[in-house]
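K.L.:
Can you read through this structure? Questions will come right after.
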Amino acid sequence: DTAVSQTPKYLVTQMGNDKSIKCEQNLGHDTMYWYKQDSKKFLKIMFSYNNKELIINETVPNRFSPKSPDKAHLNLHINSLELGDSAVYFCASSPTATSTDTQYFGPGTRLTVL
Amino acid sequence: DQQVKQNSPSLSVQEGRISILNCDYTNSMFDYFLWYKKYPAEGPTFLISISSIKDKNEDGRFTVFLNKSAKHLSLHIVPSQPGDSAVYFCAIRIRAQKLVFGQGTRLTINP
Numbered sequence: 010d011t012a013v014s015q016t017p018k019y020l021v022t023q024m025g026n027d028k029s030i031k032c033e034q035n036l037g038h039d040t041m042y043w044y045k046q047d048s049k050k051f052l053k054i055m056f057s058y059n060n061k062e063l064i065i066n067e068t069v070p071n072r073f074s075p076k077s078p079d080k081a082h083l084n085l086h087i088n089s090l091e092l093g094d095s096a097v098y099f100c101a102s103s104p105t106a107t108s109t110d111t112q113y114f115g116p117g118t119r120l121t122v123l
Numbered sequence: 458d459q460q461v462k463q464n465s466p467s468l469s470v471q472e473g474r475i476s477i478l479n480c481d482y483t484n485s486m487f488d489y490f491l492w493y494k495k496y497p498a499e500g501p502t503f504l505i506s507i508s509s510i511k512d513k514n515e516d517g518r519f520t521v522f523l524n525k526s527a528k529h530l531s532l533h534i535v536p537s538q539p540g541d542s543a544v545y546f547c548a549i550r551i552r553a554q555k556l557v558f559g560q561g562t563r564l565t566i567n568p
């Protein structure tokens with residue numbers, strides 16, 4: 010009965026590869042997010058989708074492309090991986106895009122680029 | 458330029474005592490503040506929030522205080538319990554659902 014799930018939990022890959030991280034929520038929420046937690050532990054928002062429509066797109070390299078096939082899924086595809094992409098990536102969801110809605114986070118995906 | 462800062466990377470408190478976690482922010486226009494708690498290998502979970510129209514919000518053992526003039530937010534946990542050992546993140550709402558997080562404070566409760 011996991012609310013927000015991510016796969017894989019760990020991902021180790023070589024520089025230059027292309028990889029995807031999947032996220033699914035079974036809460037019936039309209040809004041989903043991707044965050045990156047870097048080596049300094051800051052948690053920074055990357056993207057947000059509301060009902061499959063992109064509503065937040067931070068300054069993220071265009072090698073990162075979110076895809077939302079339906080409102081329960083938000084996948085993150087990363088092209089030409091670089092060493093600096095190593096981080097923990099968290100998916101989250103909220104009932105709506107209303108500012109006071111609580112965001113529920115997945116367990117994270119630790120990406121290591123060698 | 459970090460808009461929200463948690464200057465203490467770690468804090469150790471005796472069980473039963475009060476834990477006080479602090480957070481400073483830069484912009485007086487921010488109007489909604491949150492605390493999240495994170496255990497290892499899990500995602501952050503929402504703990505408590507406060508709107509800028511209030512200066513205090515309480516939920517059981519957890520109280521958040523907001524000092525707008527000092528642009529300072531604090532979380533008080535009393536009494537502290539071993540299960541409170543975790544990393545605590547403060548967050549501010551910039552706009553809509555965009556949250557900006559601090560870098561976290563690792564709280565350790567000692568028996």
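Chains as they are written, first to last, in our numbering: chain A, 10 to 123; chain B, 458 to 568.
For each residue, glycine too, the CB sits at the ideal point set by N, CA and C.
1) Would you please state the rounded distance, in angstroms, between the beta carbons of phenylalanine 522 of chain B and histidine 533 of chain B? I believe it to be under 8 Å.
2) With DSSP collapsed to three states, give me the class of aspartate 94 of chain A.
3) Closest by CA to phenylalanine 99 of chain A, which one among A/Ser89, A/Ile87, A/Gly115?
4) Does the beta carbon of leucine 564 of chain B sit closer than 8 Å to a beta carbon anywhere in chain A?
5) Quick one: is methionine 41 of chain A buried, meaning 16 or more other Cβ sit within 10 Å of its Cβ, or exposed?
6) Note the first and the last residue of the continuous beta strand (DSSP E) segment covering glutamine 46 of chain A.
7) Taking Cβ-Cβ distances shorter than 8 Å, what residues in chain B pair up with aspartate 110 of chain A?
8) Tell me the rounded alpha-carbon separation between leucine 63 of chain A and lysine 525 of chain B.
9) Counting pairs of beta carbons, one from the region 25 to 35 of chain A and one from the region 70 to 89 of chain A, are three or more of them closer than 8 Å?
10) Would you kindly check if the distance between the Cβ of glutamine 460 of chain B and the Cβ of asparagine 484 of chain B is under 8 Å?
11) Could you run through the region 527 to 540 of chain B and flag, in chain order, every residue whose CB is less than 7 Å away from some CB of chain A?
12) So arginine 550 of chain B is in the beta strand (DSSP E); what residue range does that whole segment cover?
13) Measuring alpha carbon to alpha carbon, tell me which residue in B/Val535, B/Thr520, B/Gly500, B/His529 is nearest phenylalanine 486 of chain B.
14) In chain order, which beta strand (DSSP E) runs of at least 3 residues are fully inside the region 488 to 560 of chain B?
15) Mapping the DSSP letters down to three states, classify glutamate 2 of chain A as helix, strand or coil.
16) Can you tell me whether DSSP reads arginine 5 of chain A as helix, strand or coil?
17) How would you call valine 21 of chain A, buried or exposed, if buried means at least 16 neighbouring beta carbons within 10 angstroms?
18) Quick one: which chain B residues come within Cβ less than 8 Å of glycine 117 of chain A?
19) Could you please give me the residues that DSSP links to lysine 462 of chain B through a beta bridge?
P.N.:
Per the coordinate set shown:
1) At roughly 7 Å, the Cβ-Cβ gap stays under 8 Å, so phenylalanine 522 of chain B and histidine 533 of chain B are in contact.
2) Looking at aspartate 94 of chain A - three-state DSSP - the assignment turns out to be helix.
3) Checking every option, the nearest Cα to that of phenylalanine 99 of chain A belongs to A/Gly115.
4) Taking CB atoms only, leucine 564 of chain B has no neighbour in chain A less than 8 Å away.
5) Taking all protein chains in view, the Cβ of methionine 41 of chain A is crowded by 16 or more other Cβ atoms within 10 Å, so the residue is classified as buried.
6) Judged by DSSP secondary structure, glutamine 46 of chain A falls within the beta strand (DSSP E) whose first and last residues are 40 to 46.
7) In chain order: Gln554.
8) Leucine 63 of chain A and lysine 525 of chain B: Cα-Cα distance of roughly 33 Å.
9) These segments touch.
10) Cβ atoms of asparagine 484 of chain B and glutamine 460 of chain B: closer than 8 Å.
11) Residues are counted here when their Cβ sits less than 7 Å from a Cβ of chain A; for the region 527 to 540 of chain B the count is zero.
12) Unbroken beta strand (DSSP E) run through arginine 550 of chain B: 543 to 552.
13) Residue 486 of chain B is actually methionine in this sequence, not phenylalanine. Nearest C-alpha to methionine 486 of chain B: B/His529.
14) Inside the region 488 to 560 of chain B, DSSP marks whole beta strand (DSSP E) runs of 3 or more residues at positions 489 to 495, 502 to 508, 513 to 516, 519 to 524, 529 to 534, 543 to 552, 555 to 558, from first to last along the chain.
15) Since the first and last residues shown for chain A are 10 and 123, residue 2 of chain A lies out of range.
16) For chain A, the structure presents residues 10 to 123; residue 5 of chain A sits outside this window and is missing.
17) The residue is exposed, with fewer than 16 neighbouring Cβ atoms inside 10 Å.
18) The contacting residues are Ala498, Glu499, Gly500.
19) DSSP lists B/Asp481 as partners of lysine 462 of chain B.
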